[in-house]
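A short write-up of the structure that comes next.
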Amino acid sequence: MNLAGDEIELPVASFDDATGLVPQYENWITRRLPWVAPLPVPQFARNRES
Numbered sequence: 130m131n132l133a134g135d136e137i138e139l140p141v142a143s144f145d146d147a148t149g150l151v152p153q154y155e156n157w158i159t160r161r162l163p164w165v166a167p168l169p170v171p172q173f174a175r176n177r178e179s
């Protein structure tokens, strides 16, 4: 869990049903597995501040 101002980051695996959640950005893309397609949202190599 990561707290930053007025938002909180939680792994999507924390939810039983995440179908209603829409990503706003993607963190830690440097660790993305090669077979995982990028999301059509802003990308950050590490944390969003980077």
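Residues in the sequence shown are numbered consecutively from 130, following our numbering.
For glycine and all other residues, C-beta sits at the position ideal for the given N, C-alpha and C.
Close-in-space but distant-in-sequence residues of the same chain around residue i (CB under 6 Å, 5 per side omitted)
i	result
Glu155	Leu168, Val170 and Gln172
Own chain residues within Cβ distance below 8 Å of residue i, not counting five before or after
i	result
Gly134	none
Ile158	Pro167, Gln172, Phe173 and Ala174
Beta-ladder partner(s) of residue i, from DSSP
i	result
Glu155	Gln172
Close beta carbons around residue i, own chain, < 7 Å, minus the five adjacent residues each side
i	result
Asn176	Asn156
Enclosing beta strand (DSSP E) for residue i [first to last residue]
i	result
Glu136	Glu136 to Glu138
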